[in-house]
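Enquirer:
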Amino acid sequence: MPEAPAVPVAKPHWLVRKGTIKVLWIIGLAVLAVLVYGDTYLTPHPHFGIDGTFGFHAWYGLLTCIAMVLVAKLLGKFIGRKDTYYDDQ
Amino acid sequence: MTISSLPPGLILVFGAFLLPIVGPFLRPLLVLALPLLTIWQVWHMPEGASPAFTLMGYEIITVNVDALGRLFALIFSLMAFAGGLFALNQKRILELSAAFTYAGSAVGVAFAGDLITLFVFWEIMALGSTIVLLSADTPQATKAAMRYFMVHMFGGALMLTGIFLYVFDTGGVVLTEMKPDTVGTALILAGILVNAAAPPLSAWLADAYPEASWSGTVFLSAFTTKAAVYVLIRTFPGTELLIYVGVFMIFYGITMALLENDMRRILAYSIVNQVGFMVTGIGIGTEMALNGAAAHAFAHIIYKALLLMSAGSVLYMTGKRKCTDLGGLFQSMPLTTLCGTIGALAISAFPWTSGFVSKSMINQAAANEHLALLWFCLMAASAGVFLHAGIKFPWFVFFQKDSGLRPKDPPWNMRFAMILFSAFCIGLGVWPEHLYALLPFAVDYEPYTDAHLLNALQLLLFAGLAFFLMLPMMKRTLTISLDTDWFYRRLATAIIDRIGTFIGNTDKAIRERTMSGLNSILDYVWQHHGPEGSMARTWTTGNMVLLVTIFLCVYLVFSFI
Numbered sequence: 439m440p441e442a443p444a445v446p447v448a449k450p451h452w453l454v455r456k457g458t459i460k461v462l463w464i465i466g467l468a469v470l471a472v473l474v475y476g477d478t479y480l481t482p483h484p485h486f487g488i489d490g491t492f493g494f495h496a497w498y499g500l501l502t503c504i505a506m507v508l509v510a511k512l513l514g515k516f517i518g519r520k521d522t523y524y525d526d527q
Numbered sequence: 002m003t004i005s006s007l008p009p010g011l012i013l014v015f016g017a018f019l020l021p022i023v024g025p026f027l028r029p030l031l032v033l034a035l036p037l038l039t040i041w042q043v044w045h046m047p048e049g050a051s052p053a054f055t056l057m058g059y060e061i062i063t064v065n066v067d068a069l070g071r072l073f074a075l076i077f078s079l080m081a082f083a084g085g086l087f088a089l090n091q092k093r094i095l096e097l098s099a100a101f102t103y104a105g106s107a108v109g110v111a112f113a114g115d116l117i118t119l120f121v122f123w124e125i126m127a128l129g130s131t132i133v134l135l136s137a138d139t140p141q142a143t144k145a146a147m148r149y150f151m152v153h154m155f156g157g158a159l160m161l162t163g164i165f166l167y168v169f170d171t172g173g174v175v176l177t178e179m180k181p182d183t184v185g186t187a188l189i190l191a192g193i194l195v196n197a198a199a200p201p202l203s204a205w206l207a208d209a210y211p212e213a214s215w216s217g218t219v220f221l222s223a224f225t226t227k228a229a230v231y232v233l234i235r236t237f238p239g240t241e242l243l244i245y246v247g248v249f250m251i252f253y254g255i256t257m258a259l260l261e262n263d264m265r266r267i268l269a270y271s272i273v274n275q276v277g278f279m280v281t282g283i284g285i286g287t288e289m290a291l292n293g294a295a296a297h298a299f300a301h302i303i304y305k306a307l308l309l310m311s312a313g314s315v316l317y318m319t320g321k322r323k324c325t326d327l328g329g330l331f332q333s334m335p336l337t338t339l340c341g342t343i344g345a346l347a348i349s350a351f352p353w354t355s356g357f358v359s360k361s362m363i364n365q366a367a368a369n370e371h372l373a374l375l376w377f378c379l380m381a382a383s384a385g386v387f388l389h390a391g392i393k394f395p396w397f398v399f400f401q402k403d404s405g406l407r408p409k410d411p412p413w414n415m416r417f418a419m420i421l422f423s424a425f426c427i428g429l430g431v432w433p434e435h436l437y438a439l440l441p442f443a444v445d446y447e448p449y450t451d452a453h454l455l456n457a458l459q460l461l462l463f464a465g466l467a468f469f470l471m472l473p474m475m476k477r478t479l480t481i482s483l484d485t486d487w488f489y490r491r492l493a494t495a496i497i498d499r500i501g502t503f504i505g506n507t508d509k510a511i512r513e514r515t516m517s518g519l520n521s522i523l524d525y526v527w528q529h530h531g532p533e534g535s536m537a538r539t540w541t542t543g544n545m546v547l548l549v550t551i552f553l554c555v556y557l558v559f560s561f562i
């Protein structure tokens with residue numbers, strides 16, 4: 439049986455190259471910084487007090503999302519099962 | 002009954018029966034024409050109630066048109082069009098027929114003027130959707146369809162009992178605003194909430210929808226829960242209980258979707274999450290909140306169908322549905338990736354998409370009513386939507402690791418359907434006034450203020466940062482999460498097994514005792530009457546003579562007495 443020809447290793451797509459990802463992180467963080475800085479140009483109109491603090495939506499979004507992932511992960515410890523769990527039915 | 006009493010949904014319901022009859026050349030035309038005809042009819046229906054007719058002493062109003070009903074009827078028929086276009090190359094015609102019956106009866110619900118008409122269309126929806134599921138024709142889908150049908154029959158039974166009691170209390174069947182302060186209205190509310198995938202039976206949705214075919218799930222995502230939202234807006238606006246139910250649904254959806262590995266089950270859980278926003282809005286009950294709930298249902302049907310079309314395209318082209326098997330598809334499915342991402346941005350309420358102009362009305366309504374805790378929950382949930390659906394879905398399906406799969410974009414009709422709904426997602430976001438003009442109440446709300454834009458972008462993009470920071474914890478595994486369906490899939494079956502075993506053992510013991518009793522009687526009889534028994538032995542002549550002599554003596558004695 440003839441040996442299969444070696445498949446040439448394709449160069450990864452430009453979007454997933456390490457350099458691109460690094461640039462994307464830098465751009466992303468810069469955008470986040472600009473967004474938070476944008477708060478200085480707005481007069482806060484808080485509905486409930488704390489939502490008028492500097493960069494509220496930024497830190498609130500970040501912290502609540504981290505909390506949700508942690509809670510989900512913790513819950514997963516109790517309710518997680520192998521995906522073949524119901525297969526014997 | 003006059004022609005104006007004929008619900009426009011019947012075009013789809015009866016048209017559905019033509020689909021298997023017409024040939025393969027006419028069928029695609031009919032699949033596209035029937036929904037278009039329904040849209041035209043819905044758009045041109047004059048406002049007001051059709052002439053009532055009497056059935057069993059009750060006034061039946063099959064069609065009652067107002068802005069709210071028209072909004073839902075419009076989006077249901079538009080969904081039938083896009084779903085039909087997407088499913089043109091679905092070989093199981095039964096699925097298309099069932100889907101059109103399902104869609105048509107949803108339109109029927111949107112225009113129903115009385116509880117009897119509502120209930121009839123409600124049940125046809127349950128039947129149609131079950132057949133959509135069944136037509137996937139896999140053992141898993143068949144079992145899921147049976148569970149789905151049971152839950153919906155239970156919901157239907159709650160609703161019907163509620164309607165009976167309501168009619169008994171009030172004497173009328175007109176579909177109108179209610180308060181859940183009697184057993185009848187509470188049961189009607191419970192029946193509607195079953196269809197809205199509210200707790201404790203939320204699990205039916207994520208159990209069933211991902212088991213349908215690549216096109217079936219697109220139809221399923223649109224009608225049942227949103228028809229329930231419509232009926233809730235119509236019947237129970239401002240019911241405080243709905244705020245708690247809605248908030249539970251929102252966070253339940255996020256948490257379960259975060260743990261999920263099946264791409265369509267992620268989106269199924271996010272349906273519950275999104276319907277939670279709508280239910281919360283209905284619970285707040287102000288004009289702004291109800292407008293928000295209705296607008297969000299309209300927008301949601303479009304972007305959720307778009308997301309499921311992109312997932313359906315991946316399934317159609319690769320046959321795979323688990324995130325652990327997917328990834329890197331953006332390289333060969335650019336259009337599907339783009340459309341899926343637009344849907345993901347719209348569900349996340351990203352500015353300039355449809356979700357932004359609809360969901361923010363619900364959030365604003367909570368702020369206007371000074372519901373502080375609720376507002377903070379809704380803000381966290383808005384960030385959470387970006388986390389569980391906005392980024393997670395496209396990231397794990399189209400990006401993350403390279404799975405090595407290089408499928409092409411799907412056939413032209415599926416691409417067109419995705420492009421159409423992508424255009425709607427962006428169009429409604431950029432020109433919200435067209436959607437606002439269709440809402441039940443006059444809209445006094447401007448979504449595009451500097452502060453709102455900045456706040457929304459901060460919230461969403463920092464949620465995005467959280468996703469990438471927590472990525473190691475989000476790694477997909479070959480797991481499922483137990484949900485409340487465990488109670489009827491495992492606990493109930495275990496209990497029934499135990500009861501079955503108990504009955505079996507008891508039955509066995511009773512049979513054994515009875516048999517042993519019968520056997521002892523038989524032994525006794527055998528002992529005395531068997532071949533060796535004393536009663537069956539051959540008697541000697543002497544014995545016989547003796548016996549005859551005794552009988553004669555007895556006879557002699559009696560004859561003298």
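Line order of the protein sequences matches chains A and B.
Numbering of the first sequence is given in the numbering used here, commencing with residue 439 and proceeding in unit increments.
Numbering of the second sequence is given in the numbering used here, commencing with residue 2 and proceeding in unit increments.
For each residue, glycine too, the CB sits at the ideal point set by N, CA and C.
Express the C-alpha separation of Leu429 of chain B and Ala347 of chain B in angstroms, rounding to a whole number.
Expert: Here residue 347 of chain B refers to the residue found at position 346 when the second sequence is read from its first residue. Here residue 429 of chain B refers to the residue found at position 428 when the second sequence is read from its first residue. Answer to the nearest angstrom: the Cα atoms are 10 Å apart.
Enquirer: Let me confirm a value: Asn456 of chain B is counted as buried when at least 16 other C-beta atoms fall within 10 Å, else exposed. Which label applies?
Expert: The residue given as residue 456 of chain B occupies position 455 in the second sequence. With 16 or more Cβ atoms within 10 Å of its Cβ, Asn456 of chain B is classed as buried.
Enquirer: So what does Leu56 of chain B bridge to, in DSSP terms?
Expert: As a position in the second sequence, residue 56 of chain B is number 55, starting the count at 1. Note: Leu56 of chain B sits in a beta bridge opposite B:Tyr59.
Enquirer: Determine, using beta carbons only, whether Ala496 of chain A and Leu260 of chain B come nearer to each other than 7 Å.
Expert: Looking up residue 496 of chain A in the first sequence gives position 58. Looking up residue 260 of chain B in the second sequence gives position 259. Their beta carbons are not under 7 Å apart, which means Ala496 of chain A does not touch Leu260 of chain B by this criterion.
Enquirer: If we ignore side chains and look at the alpha-carbon of each, how far apart do Phe417 of chain B and Leu379 of chain B end up?
Expert: Your numbering for residue 417 of chain B matches position 416 in the second sequence. Your numbering for residue 379 of chain B matches position 378 in the second sequence. Near 34 Å, if we compare the C-alpha coordinates of Leu379 of chain B and Phe417 of chain B.
Enquirer: Which of helix, strand or coil does DSSP assign to Ile22 of chain B?
Expert: Indexing the second sequence from 1 puts residue 22 of chain B at position 21. DSSP places Ile22 of chain B in coil when its eight states are reduced to three.
Enquirer: Could you list which residues in chain B have their beta carbon closer than 7 Å to that of Phe492 of chain A, in chain order?
Expert: To locate residue 492 of chain A, count along the first sequence from 1; it is residue 54. Within chain B, no residue comes near Phe492 of chain A; the closest Cβ sits about 11 Å away, beyond 7 Å.
Enquirer: Just to confirm, is the Cβ distance from Ile189 of chain B to Gly217 of chain B under 7 Å?
Expert: Residue mapping note: residue 189 of chain B aligns to position 188 of the second sequence, counting from 1. Residue mapping note: residue 217 of chain B aligns to position 216 of the second sequence, counting from 1. Not a contact, by the Cβ cut-off of 7 Å.
Enquirer: Along chain B, which residues have their Cβ under 8 Å away from the Cβ of Arg519 of chain A?
Expert: Along the first sequence, read from residue 1 onward, the residue named residue 519 of chain A stands at position 81. What Arg519 of chain A touches in chain B: Thr480, Ile481, Ser482, Leu483.
Enquirer: According to DSSP, simplified to helix, strand and coil, what is Asn364 of chain B?
Expert: Taking the second sequence and counting its residues from 1, the one referred to as residue 364 of chain B is at position 363. Reduced to three states, the DSSP call for Asn364 of chain B is helix.
Enquirer: Go through the segment 109 to 164 of chain B residue by residue and report every complete run of the beta strand (DSSP E) that reaches 3 residues or more, in order.
Expert: List check, beta strand (DSSP E) in window: nothing returned.
Enquirer: Please report the straight-line C-alpha distance between Ile504 of chain B and Met516 of chain B, rounded to a whole angstrom.
Expert: Your numbering for residue 504 of chain B matches position 503 in the second sequence. Your numbering for residue 516 of chain B matches position 515 in the second sequence. Taking the straight line from one Cα to the other gives about 18 Å.
Enquirer: Quick one, which residues of the segment 449 to 471 of chain B are near chain A if we go by CB-CB under 9 Å, in chain order?
Expert: The residues in question are Asp451, Ala452, Leu455, Asn456, Ala457, Leu458, Gln459, Leu460, Leu461, Leu462, Phe463, Ala464, Gly465, Leu466, Ala467, Phe468, Phe469, Leu470, Met471.
Enquirer: Beta-carbon of Gly457 of chain A versus every beta-carbon of chain B: anything under 7 Å?
Expert: Here residue 457 of chain A refers to the residue found at position 19 when the first sequence is read from its first residue. Output row for Gly457 of chain A: interface = no.
Enquirer: Specify the secondary structure class of Ser6 of chain B as computed by DSSP and reduced to three states.
Expert: Along the second sequence, one-based indexing puts residue 6 of chain B at 5. Three-state DSSP puts Ser6 of chain B in a helix.
Enquirer: Quick one: is Trp432 of chain B buried, meaning 16 or more other Cβ sit within 10 Å of its Cβ, or exposed?
Expert: The sequence position of residue 432 of chain B within the second sequence is 431, counting from 1. Trp432 of chain B is exposed by the Cβ-count criterion.
Enquirer: Grouping DSSP H, G and I as helix and E and B as strand, with all else coil, what is Val526 of chain B?
Expert: Numbered from 1 along the second sequence, position 525 holds the residue referred to as residue 526 of chain B. Note: Val526 of chain B maps to helix in three-state DSSP.
Enquirer: Taking 7 Å as the cut-off, decide whether the C-beta atoms of Phe77 of chain B and Val108 of chain B are in contact.
Expert: As a first step, residue 77 of chain B is located in the second sequence; it is residue number 76 there, counting from the start. As a first step, residue 108 of chain B is located in the second sequence; it is residue number 107 there, counting from the start. Their beta carbons are under 7 Å apart, which means Phe77 of chain B touches Val108 of chain B by this criterion.
Enquirer: Apart from the five residues on each side of it in sequence, which residues of its chain come closer than 6 Å, Cβ to Cβ, to Gly329 of chain B?
Expert: For the purposes of this step, residue 329 of chain B is identified with residue 328 of the second sequence, where counting begins at 1. Hits under 6 Å: Asp403, Ser404.
Enquirer: Below 9 Å between beta carbons is the criterion; list the residues of the segment 496 to 516 of chain A that meet it against any residue of chain B, in chain order.
Expert: Residues Ala496, Trp497, Tyr498, Gly499, Leu500, Leu501, Thr502, Cys503, Ile504, Ala505, Met506, Val507, Leu508, Val509, Ala510, Lys511, Leu513, Gly514, Phe516.
Enquirer: Alpha carbon to alpha carbon, how far is Phe400 of chain B from Pro408 of chain B? Give it in angstroms, no decimals.
Expert: The residue you call residue 408 of chain B lines up with position 407 of the second sequence. The residue you call residue 400 of chain B lines up with position 399 of the second sequence. Roughly 14 Å between the two C-alpha positions.
Enquirer: Residues of the segment 237 to 266 of chain B with a CB closer than 9 Å to any CB of chain A: list them in chain order, please.
Expert: Within the segment 237 to 266 of chain B, the qualifying residues are Phe252, Ile255, Thr256, Met257, Ala258, Leu259, Leu260, Asn262, Asp263.
Enquirer: Quick check on Phe469 of chain B: buried or exposed, where buried means 16 or more other Cβ atoms within 10 Å of its Cβ?
Expert: What you label residue 469 of chain B is simply residue 468 of the second sequence in a count that begins at 1. Answer is exposed; the Cβ neighbour count stays below 16.
Enquirer: Is any beta-carbon of chain A found at less than 7 Å from that of Met289 of chain B?
Expert: Along the second sequence, read from residue 1 onward, the residue named residue 289 of chain B stands at position 288. For Met289 of chain B, the answer is no, since every Cβ of chain A falls outside 7 Å of its Cβ.
Enquirer: With a CB to CB cut of under 7 Å and the five nearest residues on each side skipped, what residues in its chain are close to Ala295 of chain B?
Expert: Position 294 of the second sequence holds residue 295 of chain B. Cβ within range, chain order: Leu69, Leu72, Ile234, Leu440, Pro441.
Enquirer: Please say whether Ser106 of chain B and Phe120 of chain B have beta carbons closer to each other than 7 Å?
Expert: What you label residue 120 of chain B is simply residue 119 of the second sequence in a count that begins at 1. What you label residue 106 of chain B is simply residue 105 of the second sequence in a count that begins at 1. In this structure, Ser106 of chain B does not lie closer than 7 Å to Phe120 of chain B by Cβ.
Enquirer: What in chain B is Cβ-close to Val474 of chain A, meaning under 8 Å?
Expert: Working through the first sequence from its first residue, we reach residue 474 of chain A at position 36. Neighbours of Val474 of chain A on chain B, chain order: Gln459.
Enquirer: If Trp205 of chain B sits next to Val273 of chain B, beta carbons under 8 Å apart, how far is it from one beta carbon to the other, in whole angstroms?
Expert: Residue 205 of chain B sits at position 204 when you count from the first residue of the second sequence. Residue 273 of chain B sits at position 272 when you count from the first residue of the second sequence. Between Val273 of chain B and Trp205 of chain B the Cβ distance is about 10 Å, and since that is not below 8 Å, they are no contact.
Enquirer: Assuming Gly391 of chain B and Ser423 of chain B form a contact by the criterion Cβ under 8 Å, report the distance between their Cβ atoms to the nearest whole angstrom.
Expert: Mapped onto the second sequence, residue 391 of chain B falls at position 390. Mapped onto the second sequence, residue 423 of chain B falls at position 422. Contact doesn't hold; Cβ gap of about 15 Å is too wide.
Enquirer: Going by beta carbon distance, what residues of the same chain come within less than 7 Å of Val445 of chain A, once the five residues before and after it are set aside?
Expert: Position 7 of the first sequence, counting from 1, holds the residue named residue 445 of chain A. Interpretation of Val445 of chain A is limited by its pLDDT of 49, a score under 50 that renders its predicted location unreliable; the figure taken from the coordinates is listed afterwards. Same-chain partners within the cutoff: there are none.
Enquirer: In this structure, how does DSSP classify Val66 of chain B when only helix, strand and coil are distinguished?
Expert: Your numbering for residue 66 of chain B matches position 65 in the second sequence. In the structure shown, Val66 of chain B sits in a strand (DSSP, three-state: E or B).
Enquirer: Do Ile251 of chain B and Ala366 of chain B have their beta-carbon atoms positioned less than 7 Å apart in this structure?
Expert: The residue labelled residue 366 of chain B in the question sits at position 365 within the second sequence. The residue labelled residue 251 of chain B in the question sits at position 250 within the second sequence. For Ala366 of chain B and Ile251 of chain B, no; Cβs fall outside 7 Å.
Enquirer: Check the Cβ of Leu388 of chain B against every Cβ in chain A and list those closer than 8 Å, keeping chain order.
Expert: Translated into positions along the second sequence, residue 388 of chain B becomes position 387. Residues of chain A passing the Cβ test: Cys503, Met506, Val507.
Enquirer: In terms of alpha-carbon separation, which member of B:Ser359, B:Asn544, B:Thr507, B:Gly465 lies closest to Leu436 of chain B?
Expert: Start at 1 with the first residue of the second sequence, and residue 436 of chain B comes out as number 435. Ranking B:Ser359, B:Asn544, B:Thr507, B:Gly465 by Cα distance to Leu436 of chain B puts B:Ser359 first.
Enquirer: Please work out which residues of its chain come closer than 6 Å, Cβ to Cβ, to Ala258 of chain B, disregarding the five sequence neighbours upstream and downstream, and give them in chain order.
Expert: Along the second sequence, read from residue 1 onward, the residue named residue 258 of chain B stands at position 257. Answer for Ala258 of chain B: Ile267, Tyr270, Ser271, His389, listed in chain order.
Enquirer: Using the rule of at least 16 other Cβ atoms within 10 Å of the residue's Cβ for burial, across every protein chain shown, is Phe561 of chain B buried or exposed?
Expert: Mapped onto the second sequence, residue 561 of chain B falls at position 560. Exposed, by the Cβ-count rule.
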